[in-house]
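Shown next, in structure tokens, is the structure this report addresses.
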Ligand code: URA
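In our numbering, the protein residues as written are 16 to 321.
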């Protein structure tokens with residue numbers, strides 16, 4: 016593993032990487048107005064609260080024969096007494112996902128598995144997601160953010176979930192984190208014409224909260240089939256949520272990153288590298304060096320597979 020810069024070639028590549036990331040990368044890519052940032056987050060939390068209250072009013076007013084939008088709760092025998100998965104649970108901080116598996120989730124996961132397995136093409140899979148009623152995130156999201164780039168690409172990058180910009184445009188990684196991801200890819204001669212980008216979740220969680228265990232579990236069959244259909248040479252998991260979900264691990268990203276693991280689809284073991292999420296790198300630029308080491312690993316592995 017390349018832990019340090021050991022050759023002139025690595026040094027040249029490192030300088031190129033810093034160039035691609037912007038000369039101020041030791042500080043940050045853009046000046047940040049922290050006051051505006053916290054005000055924006057407060058506004059987002061307030062509007063997520065309003066949306067949750069409206070959704071819960073709608074559910075309370077829905078007649079029993081009316082679809083509730085989420086089979087997650089409609090399939091649960093205890094659904095009348097269960098709070099919405101998007102509403103804060105007892106002891107849960109707002110913005111944090113509830114960490115329990117709803118008893119109704121198992122049948123939703125089974126539905127997801129069947130729908131995903133039937134998809135023979137990416138277009139089928141997108142359509143299957145569009146018709147999947149198991150996940151209430153669909154209700155608050157504006158777009159289904161499926162994937163971007165070249166489905167015949169050698170590398171498939173997988174992040175967590177769309178953010179605000181992605182939800183508005185319907186394309187993964189187009190906001191600030193996405194712009195950094197593009198720079199990271201360029202530094203190892205990858206881009207959206209030779210790689211494919213998606214997320215473990217196709218819908219934006221309200222207020223950009225972390226997806227719950229239930230949401231990740233019910234959408235897992237779709238991302239699994241997505242990987243199977245793209246069938247890339249290499250996988251890159253961006254951030255802890257994607258890495259933990261796809262590697263079925265509880266280890267933190269700082270332990271998972273930089274190590275090759277495999278992800279198995281149709282009996283084929285695809286080499287998978289976990290690295291730091293570009294949004295994290297924007298907040299913690301000192302960690303860009305670690306991400307660079309991971310990317311060098313990806314570039315080297317790709318060379319060895321060509
Ligand atoms: N963060 C992600 O994980 N995915 C996106 O598409 C955008 C931001």
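Positions of the beta carbon are idealized from the N, C-alpha and C atoms, including for glycine.
Out of the options, state which residue places its alpha-carbon closest to the alpha-carbon of residue i.
{"i": "residue 151", "options": "305, 61, 230 and 321", "result": "230"}
{"i": "residue 217", "options": "209, 142, 195 and 262", "result": "142"}
{"i": "residue 228", "options": "248, 195 and 256", "result": "256"}
{"i": "residue 300", "options": "263, 264 and 192", "result": "192"}
{"i": "residue 242", "options": "261, 232 and 224", "result": "261"}
{"i": "residue 179", "options": "240, 120, 58 and 133", "result": "58"}
{"i": "residue 295", "options": "268, 233 and 280", "result": "268"}
{"i": "residue 137", "options": "212, 176, 245 and 157", "result": "245"}
{"i": "residue 214", "options": "189, 247 and 161", "result": "161"}
{"i": "residue 3", "options": "281, 253, 65 and 234", "result": "Since the first and last residues shown for the chain are 16 and 321, residue 3 lies out of range."}
{"i": "residue 208", "options": "164, 139, 226 and 287", "result": "164"}
{"i": "residue 313", "options": "266, 253, 153 and 167", "result": "253"}
{"i": "residue 223", "options": "320, 279 and 181", "result": "181"}
{"i": "residue 292", "options": "277, 206 and 176", "result": "176"}
{"i": "residue 65", "options": "211, 122 and 221", "result": "221"}
Between residue i and the ligand URA, is the CB less than 6 Å from at least one heavy atom?
{"i": "residue 174", "result": "yes"}
{"i": "residue 223", "result": "no"}
{"i": "residue 295", "result": "no"}
{"i": "residue 185", "result": "no"}
{"i": "residue 230", "result": "no"}
{"i": "residue 340", "result": "Not covered by the structure: residue 340. The range shown for the chain is 16 to 321."}
{"i": "residue 220", "result": "no"}
{"i": "residue 188", "result": "yes"}
{"i": "residue 286", "result": "no"}
{"i": "residue 214", "result": "yes"}
Kindly indicate which three-state DSSP category residue i falls into: helix, strand or coil?
{"i": "residue 293", "result": "helix"}
{"i": "residue 262", "result": "helix"}
{"i": "residue 126", "result": "helix"}
{"i": "residue 167", "result": "coil"}
{"i": "residue 151", "result": "coil"}
{"i": "residue 65", "result": "helix"}
{"i": "residue 136", "result": "coil"}
{"i": "residue 316", "result": "helix"}
{"i": "residue 131", "result": "helix"}
{"i": "residue 307", "result": "helix"}
{"i": "residue 88", "result": "Reliability fails at residue 88, whose pLDDT of 32 lies under 50, so the model's placement of it is uncertain and no value is given."}
{"i": "residue 156", "result": "coil"}
{"i": "residue 299", "result": "coil"}
{"i": "residue 58", "result": "helix"}
{"i": "residue 321", "result": "coil"}
Tell me residue i's beta-bridge partners as DSSP assigns them.
{"i": "residue 283", "result": "280"}
{"i": "residue 251", "result": "172 and 288"}
{"i": "residue 275", "result": "288"}
Quick one: complete beta strand (DSSP E) runs, 3+ long, within the stretch 178-247?
210-214, all fully within the stretch 178-247.
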